[in-house]
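Here's the structure we're looking at; comments come further down.
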Amino acid sequence: YTCETANVGGVRQVTVELTVQEDTDWKYGWPSNTSTTSRYSTPSIENRPSIWGESPPKFVTKPTRLIVKEGQNGKFSCKITGRPHPRVIWLKSDTELQQSDHFNMFEKSGIHCL
3 YTCETANVGG VRQVTVELTV QEDTDWKYGW PSNTSTTSRY STPSIENRPS
53 IWGESPPKFV TKPTRLIVKE GQNGKFSCKI TGRPHPRVIW LKSDTELQQS
103 DHFNMFEKSG IHCL
């Protein structure tokens with residue numbers, strides 16, 4: 003799963019893994035292998051000047067890898083900042099996820115959840 007955030011200052015992505023296991027005592031846990039590369043060609047955020055108070059998106063906290071039992075729900079969450087307020091989308095295999103009975107996406111107090 004990938005969380006992608008963008009505003010006029012740039013684009014950032016973090017990809018995280020969901021593992022479904024049949025028989026295990028693990029619920030969820032280890033830090034994710036994260037990627038901050040983008041599928042869009044924009045200059046690196048560090049190389050973009052701040053203009054008129056704009057600031058590129060930043061993952062203050064990143065989603066972590068989940069390990070869940072089959073049939074169990076899992077939740078990714080992350081805190082994102084930026085000015086203007088960045089747009090956030092969630093993707094699975096490069097396909098944008100839509101709100102449904104299977105996927106619940108929401109934002110509360112700056113924390114974005116899937």
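This note's numbering applies: residue 3 is where the sequence shown begins, and numbers increase by one.
All residues carry an ideal CB built from backbone N, CA and C; glycine is no exception.
Contact between residue 18 and residue 67 holds, with the beta-carbon distance rounding to 6 Å and staying under 8 Å. With 16 or more other Cβ atoms inside 10 Å of its own Cβ, residue 13 counts as buried.
Residue burial is scored here from C-beta neighbours: residue 55 has fewer than 16 other C-beta atoms within 10 angstroms and is therefore classed as exposed. Spanning the alpha carbons of residue 69 and residue 20 requires a straight line of approximately 6 Å. Restricting attention to 15, 91 and 104, the CA atom closest to the CA of residue 74 is found in 104. Bridge pairing for residue 108: 115 [DSSP]. In the DSSP assignment, residue 98 forms a beta bridge with 93. For residue 14, the three-state secondary structure derived from DSSP is strand.
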